[in-house]
Amino acid sequence: MPQHTPLYEAHVAAGARMVDFGGWEMPINYGSQIEEHHSVRQAAGMFDVSHMTVVDINGSQARHFLSYLLANDVAKLTSPGRALYSCMLNEKGGVIDDLITYFLDERFFRVVVNAATHDKDMAWITLQARAFDVVVTERPELAMIAVQGPAAREAVLSLLPDNDVAAAAAMKPFGAGQFGDLFVARTGYTGEDGFEISLPAESANKFWEQLLSAGVAPCGLGARDTLRLEAGMNLYGQDMDETVTPLESGLGWTVALKDDRSFIGKDALLEQKSRGVESKLVGLVLQGRGVLRPGQRIVTDAGDGVITSGSFSPTLQKAIAFARLPKDATGVCQVDMRGRLLDCSIVQPPFVRNGTVCEGII
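Heads up: the sequence shown begins at 26 in our numbering, then just goes up one per residue.
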């Protein structure tokens, strides 16, 4: 039986088409995925992301533990209320999951991990935590709502108590703070500004209704996927998993290798870097008509590759994709589409940021 978020009945009542996603019954769209996509790019949309897992790390060695657990360095988090994106690796450097860590105080960090990887993530975190003076606490009583788009922050700020508005409005990207029973983070998965909000499950429906009244459009996982693809953001299980490293997944920037810190997977990454990384994750733009899909073969002068994520881009009005290609592949390649080789441009993601097509994409 799939699990349901606290907002499940609201989705059904709104006519959402529900699908199984990582063991959760979630809305894929509320009618038009394209309209939902444009709502986020042009105004404000909201997503139920309560299927994701909030994990609190408390204790005297919380920072030391996360420094060992994560490939990015939590030493970068020097001010309470700051966040960091990182991968969590196995000993071979493969990606167990990607996640965001929030620094609240020296004894309290919060981690948000993906829904589909819940079981293995919790098992891994719990196993590694045994060597440290920390307490790992899952927070299933919290719901999460992501509000994204150029008008998203204004909509959320309008619902906060007057004495919280100034502090929330001043929050910088990758900042976070507790405002009453709302944990508000200026983070997202769309390439637009906005907030991701954790709140008690019993408060989720009221807050959702308030956002609706403020003009925020409900959006499903379909639009979330095209938005994140345009924004150049990886999807776990497609663009990365335990068989590839961050260095092969366009995530080298999230790995802190230049210090003396020891972390899980570091030796494997150093070895891979010394011998040379043989593949890379790139962006593709189809030059003609068609749709790029995961699993399609890519032909380049340097050898074959494969599409990991692909879709039609509502913003570009073209098919776009991520593909894992040989390291020396550049310029133009071909996608094998049912035996026909169609030209694609190899580009550097992101494709779209803050509603604007990035330079060099088309």
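Cβ coordinates follow ideal geometry from the N, Cα and C atoms, glycine included.
Fill in: C-alpha distance - N97 paired with Q28, whole-angstrom precision
For the pair N97 and Q28, the Cα-to-Cα distance works out to about 32 Å.
Discussion item. Spatial neighbours of T212 within its chain, please: C-beta separation below 7 Å, excluding the five flanking residues on both sides.
Written reply: A108, I125, F199, E221
Item to complete: On the DSSP bridge assignment, give the partners of Q359 in chain order.
Response: V324, D368
Discussion item. By the DSSP assignment, the beta strand (DSSP E) with D250 in it spans what residues?
Written reply: First-last for D250: 246-255, but that is the alpha helix (DSSP H), not the beta strand (DSSP E).
Discussion item. Beta-carbon within less than 7 Å of D158's beta-carbon, same chain only, minus the 5 sequence neighbours each way: which residues are those?
Written reply: G84, S85, Q86
Discussion item. My output table needs one value for P339: the three-state DSSP class, helix, strand or coil.
Written reply: P339: coil per DSSP, three-state reduction.
Item to complete: Determine the direct distance from the alpha carbon of S183 to that of T142, and round the result to whole angstroms.
Response: Whole-angstrom Cα-Cα distance: 34 Å.
Worksheet item: Measuring CB to CB, does L185 end up less than 9 Å from P225?
Response: no
Worksheet item: Leaving out five residues before and five after A293 in sequence, what residues of the same chain have Cβ atoms less than 6 Å from its Cβ?
Response: K117, G118
Worksheet item: For A281, which three-state DSSP category applies?
Response: Under the three-state reduction of DSSP output, A281 falls in the coil class, being neither helix nor strand.
Worksheet item: Can you list the beta strand (DSSP E) stretches of 3 or more residues lying completely in the segment 209-245, in chain order?
Response: 219-225
Worksheet item: Which residues in the same chain as G106 place their Cβ atom closer than 8 Å to its Cβ, once the five residues preceding and following it in sequence are excluded?
Response: Y127, F128, L129, M196, G200, A201, G202
Fill in: Rounded straight-line distance, which links the Cα of K283 to that of P339
40 Å
Worksheet entry | Of the residues K352, E296, S336, the one placed nearest G328, counting alpha carbons only | K352
Worksheet item: Counting Cβ pairs closer than 8 Å, one from the segment 313-330 and one from the segment 358-367, do we hit at least three?
Response: Result yes; three or more Cβ-Cβ pairs closer than 8 Å.
Worksheet entry | Heavy atom of the ligand SAH within 8 Å of G308 beta-carbon | Here there are no bound small molecules, and the ligand SAH is not part of this structure.
Discussion item. Taking the beta strand (DSSP E) that F133 belongs to, which residues open and close that run?
Written reply: 133-138
Fill in: Start and end residues, beta strand (DSSP E) containing E50
49-54
Discussion item. Helix, strand or coil, according to DSSP, for E1 in the structure here?
Written reply: No information on residue 1 is available, as it lies outside the stretch 26 to 387 that the chain covers here.
Worksheet item: Would you call the segment 173-180 and the segment 58-66 in contact, with 3 or more CB pairs under 8 Å?
Response: Between the segment 173-180 and the segment 58-66, the count of C-beta pairs closer than 8 Å reaches three or more; the two stretches touch.
Discussion item. Suppose contacts are defined by Cβ-Cβ distances below 9 Å. Is M113 in contact with L102 by that definition?
Written reply: no
Worksheet item: Quick one: what does DSSP say V120 is sitting in, helix, strand or coil?
Response: strand
Worksheet item: In terms of alpha-carbon separation, which member of S336, G262, C369 lies closest to G47?
Response: G262
Discussion item. Measuring only the C-alpha atoms, how far is M71 from D326?
Written reply: Rounded to whole angstroms, M71 to D326 spans 43 Å at the Cα level.
Fill in: Segment contact flag, the segment 145-154 with the segment 268-284, C-beta cutoff 8 Å, min 3 pairs
The segment 145-154, when compared against the segment 268-284, does not touch it at the 8 Å Cβ threshold.
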